[in-house]
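Novice: Here it is: the structure, laid out below.
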Amino acid sequence: MLSVIIPTYNAATTIADQLDALSQQAFAGPWEIVVGDNGSTDGTLDVVRRYQQTMPHLKVVDASARRGAAHARTVACAQAQGDALLFCDADDVVAPGWLAAMATALEKYDLVCGRREMAQLNDRNEFSAALTSIEGTGLIYHPFRPFGSASNLAVKRVHHEAVGGFDGQFLALQDIDYCWRIQALGVTLHEVNDAVVNFRFRSDVRSNFRRLKKFGYYSARLYRKHWAYGFPKGMLFKCFLALPLVPVKFVVRVRDRPSLFLWFLNLGWALGYWHSWLDMAKEAVVAQLSRGKADPELSVS
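When the letters of the sequence shown are read in order and numbered with the numbering used here, they come out as residues 1313 to 1613.
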């Protein structure tokens, strides 16, 4: 059985599009949809309940105890019945054949990601290319390990349980952390070109800037966490020194509005990255002081 997992928070204006697309999937095997609601207040649950009247395999679970899509996905997975878990988002739209393509891929592989199309749900404008380059469209290669987006990802349940699900401490990039931890088990991530999700961009400059700032913040924490999984310390320090300088490098390439927009997004990422390192340094100092208080022998007399 397959379980399609959708985390949601205040998605009343978009989730109907996703549920419509899922209702039209041609797949003969048993499957279900589990919506993990992260505390919506905008009528999202009313929309989902309306669809439950015609989609008996659709259920919704309360995932509001902790903020974030990572928690919502993990709670939904715990209530799912499938031996394979397929992830998509409430503001995107799966393409025809998505479910069947994922099911076929999971017969051969244990961890797969699909392809993301940007054209259908987004206006073509001068900023589209910049957003596409930031988001990526499918399997994304990183010097440490490749990863895929949780907006189009699938895994055998046994591996999900082996890593304990998504890390709720990550309010962004939890899908990268998830993919990396599963690959640390010896599982290979494969791309499925026929499994397509139509991805929706954020609608304005400010929300995209905040999104990239959050990406930068959790990038530092992601790299620090994965020391334990073999992330090279040399690569970490190279990232620490080089990546935040990307806006400086990009500023000389600013020639028009699209390149200025891309520079602005990279600036947001860098600010988030440095903010994260400062927070982690403060946390380390507090932890050291706490240990000193707990153990008088560690305190300076």
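Glycine included, C-beta positions come from ideal geometry on N, C-alpha and C.
Could you please give the first and the last residue of the uninterrupted alpha helix (DSSP H) stretch that includes S1440?
Specialist: Here residue 1440 corresponds to residue number 128 of the sequence shown, with the count starting at 1. Looking at the DSSP string, the run of the alpha helix (DSSP H) that includes S1440 is 1440-1447.
Novice: My understanding is that M1313 touches G1394, with C-beta atoms under 8 angstroms, so please give their C-beta distance in whole angstroms.
Specialist: Within the sequence shown, numbered from 1, the residue matching residue 1313 stands at position 1. Within the sequence shown, numbered from 1, the residue matching residue 1394 stands at position 82. Indeed, because the Cβ distance is near 4 angstroms, the residues count as touching under 8 angstroms.
Novice: What's the C-alpha gap between A1540 and L1534?
Specialist: Here residue 1540 corresponds to residue number 228 of the sequence shown, with the count starting at 1. Here residue 1534 corresponds to residue number 222 of the sequence shown, with the count starting at 1. The straight-line gap from Cα to Cα measures roughly 11 angstroms.
Novice: So what does DSSP say about S1613, is it helix, strand or coil?
Specialist: The count along the sequence shown starts at 1 and reaches residue 1613 at position 301. Residue placement at S1613 is flagged as unreliable, the pLDDT there being 41, under the threshold of 50; a coordinate-derived value is accordingly withheld.
Novice: Locate the alpha helix (DSSP H) running through A1402, then write down its first and last residues.
Specialist: Mapped onto the sequence shown, residue 1402 falls at position 90. First-last for A1402: undefined, no H or E at that position.
Novice: Helix, strand or coil: how does DSSP classify R1522 here?
Specialist: In the sequence shown, counting from the first residue as 1, residue 1522 sits at position 210. Here R1522 sits in helix by DSSP.
Novice: Based on the DSSP output, what are the partners of T1320 in its beta bridges?
Specialist: Within the sequence shown, the letter at position 8 stands for residue 1320. Bridge partners of T1320: D1349.
Novice: Between which two residues does the beta strand (DSSP E) containing R1427 stretch?
Specialist: Counted from its first residue, the sequence shown places residue 1427 at position 115. Taken as a continuous stretch (DSSP letters only), the beta strand (DSSP E) holding R1427 covers 1423-1429.
Novice: Quick check on A1593: buried or exposed, where buried means 16 or more other Cβ atoms within 10 Å of its Cβ?
Specialist: In the sequence shown, the residue the question calls residue 1593 occupies position 281. By the neighbour-count rule (16 or more Cβ atoms within 10 Å), A1593 is not buried but exposed.
Novice: For D1374, collect the residues of the same chain with a Cβ closer than 7 angstroms to its Cβ; drop the 5 residues on either side in sequence, then sort them by chain order.
Specialist: Mapped onto the sequence shown, residue 1374 falls at position 62. Around D1374: D1349.
Novice: Could you tell me whether the segment 1441-1461 touches the segment 1488-1503, using the rule of 3 or more Cβ pairs below 8 angstroms?
Specialist: Output reads yes: the segment 1488-1503 touches the segment 1441-1461.
Novice: Per DSSP, which residues does F1459 bridge with? Please list them.
Specialist: Here the question's residue 1459 lines up with position 147 in the sequence shown. Per DSSP, I1452.
Novice: Rounded to the nearest angstrom, what separates G1542 and G1355 at their Cα positions?
Specialist: If you number the sequence shown from 1, residue 1542 lands on position 230. If you number the sequence shown from 1, residue 1355 lands on position 43. So the alpha carbons of these two residues sit roughly 44 angstroms apart.
Novice: Can the beta-carbon of A1442 be found closer than 8 angstroms to that of L1583?
Specialist: As a position in the sequence shown, residue 1442 is number 130, starting the count at 1. As a position in the sequence shown, residue 1583 is number 271, starting the count at 1. Taking 8 angstroms as the Cβ cut-off, A1442 and L1583 do not qualify as a contacting pair.
Novice: Could you name the residues of the same chain whose beta carbon sits closer than 6 angstroms to that of M1414, not counting the 5 residues immediately before and after it, in chain order?
Specialist: Working through the sequence shown from its first residue, we reach residue 1414 at position 102. Within the same chain, M1414 has close Cβ partners L1398, A1466, A1507.
Novice: Leaving out five residues before and five after V1612 in sequence, what residues of the same chain have Cβ atoms less than 6 angstroms from its Cβ?
Specialist: Indexing the sequence shown from 1 puts residue 1612 at position 300. Only weak support exists for where V1612 lies, its pLDDT of 46 falling under 50; the value from the coordinates is given anyway. Contacts found: none.
Novice: Going straight from the alpha carbon of A1462 to that of P1342, what length do you get?
Specialist: Start at 1 with the first residue of the sequence shown, and residue 1462 comes out as number 150. Start at 1 with the first residue of the sequence shown, and residue 1342 comes out as number 30. Each residue's Cα considered, the two are about 22 angstroms apart.
Novice: Quick check: what's the CA-CA separation for L1610 versus H1472?
Specialist: The residue labelled residue 1610 in the question sits at position 298 within the sequence shown. The residue labelled residue 1472 in the question sits at position 160 within the sequence shown. Because the pLDDT at L1610 is just 48, under 50, the model does not fix this residue reliably, and the value given afterwards should be weighed accordingly. Looking at the two C-alpha atoms, the distance is approximately 40 angstroms.
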